[in-house]
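Undergrad: Each position in the sequence shown, counted from 1, maps to that position plus 7 in the numbering used here.
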Amino acid sequence: MNIFKLKHYYFLLFFSLATFVSCDDNETPEPEIEEEEITTLNLTFTPEGGGDIVEATWKDLDGDGGNTPEISDISLANGQSYLMEIELLNENESPTENITDEVKEKAQVHQFFYTGSAIFSNYINVSYADKEADYPPNTGDKPVGLKGNIQAINTGSGTLTLTLKHEPDKEAAGVSDGDITLSGGESDIEASFNITIQ
Numbered sequence: 008m009n010i011f012k013l014k015h016y017y018f019l020l021f022f023s024l025a026t027f028v029s030c031d032d033n034e035t036p037e038p039e040i041e042e043e044e045i046t047t048l049n050l051t052f053t054p055e056g057g058g059d060i061v062e063a064t065w066k067d068l069d070g071d072g073g074n075t076p077e078i079s080d081i082s083l084a085n086g087q088s089y090l091m092e093i094e095l096l097n098e099n100e101s102p103t104e105n106i107t108d109e110v111k112e113k114a115q116v117h118q119f120f121y122t123g124s125a126i127f128s129n130y131i132n133v134s135y136a137d138k139e140a141d142y143p144p145n146t147g148d149k150p151v152g153l154k155g156n157i158q159a160i161n162t163g164s165g166t167l168t169l170t171l172k173h174e175p176d177k178e179a180a181g182v183s184d185g186d187i188t189l190s191g192g193e194s195d196i197e198a199s200f201n202i203t204i205q
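#1: What residue from D184, I78, G191 and D137 has the CA that sits closest to T46's CA?
#2: Among residues of its own chain, excluding the 5 on either side of T162, which ones have a beta-carbon nearer than 8 Å to its beta-carbon?
#3: What is the C-beta distance between H173 and V151, in whole angstroms, given that I count them as a contact (C-beta under 8 Å)?
#4: Who are the Cβ neighbours of A125 in its own chain at under 7 Å, not counting the five residues just before and after it?
#5: Quick one: grab the DSSP three-state call for Q118.
#6: Considering just the uninterrupted stretch of the alpha helix (DSSP H) at K111, what are its terminal residues?
#7: Do you know offhand how far G72's Cα is from S134's?
#8: Taking 8 Å as the limit between beta carbons, can you name the residues of its chain near D176, skipping five residues before and five after?
#9: Comparing alpha-carbon positions, which option in E55, I81 and E98 lies nearest K66?
#10: Give me the residue from T170, S194 and D108 with the minimum Cα distance to T122.
This is the structure we're talking about:
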């Protein structure tokens, strides 16, 4: 083998190794964000000034595409104000895993949105009753939505839908006021209830 061919051989060998190494660096997989499984959403409505507590549950143990979720109906008294509290569970774990604690811990990257025909039809008014700083070590003043104020203002029936967003854009227009339109992020759970005001 003459010197020219030897140099050519070494050049090709070096070029091939450099290409292999650079491709290998570019193909480093990004770490996946682990999503928590939420099978159950419990609601508690505590009437302002005392009275009977109302409870409701949305449960879907086999996830999307399986059996229809088990859902309780909600009945509230017209003219009454309530504190609504949300509990999130993973009942496919033993013992049951309380996902509410994880949402509180990472409150700055979570927010519930309240929608549904009961709101749009003016049967109920809803507003946030908590903020990030309520759940240390978070310090922000943006809403989280694990607690909400519900005012039953007209008789009628409709739906109440609760959507938990992961990494929503809390700075986007309307998001801090509960407008889901520009929230972005990903939905961890969306649970709809039938609600009657009587």
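Beta carbons: idealized from backbone N, C-alpha and C, even for Gly.
TA: Checking against the coordinates, here is how it stands:
#1: I78
#2: N85, Y130, I204 and Q205
#3: The Cβ separation is near 12 Å, so there is no contact.
#4: I131, G165, T166, L167 and I202
#5: strand
#6: I106 to E112
#7: 32 Å
#8: V182, L189, S190, G191 and G192
#9: E98
#10: T170
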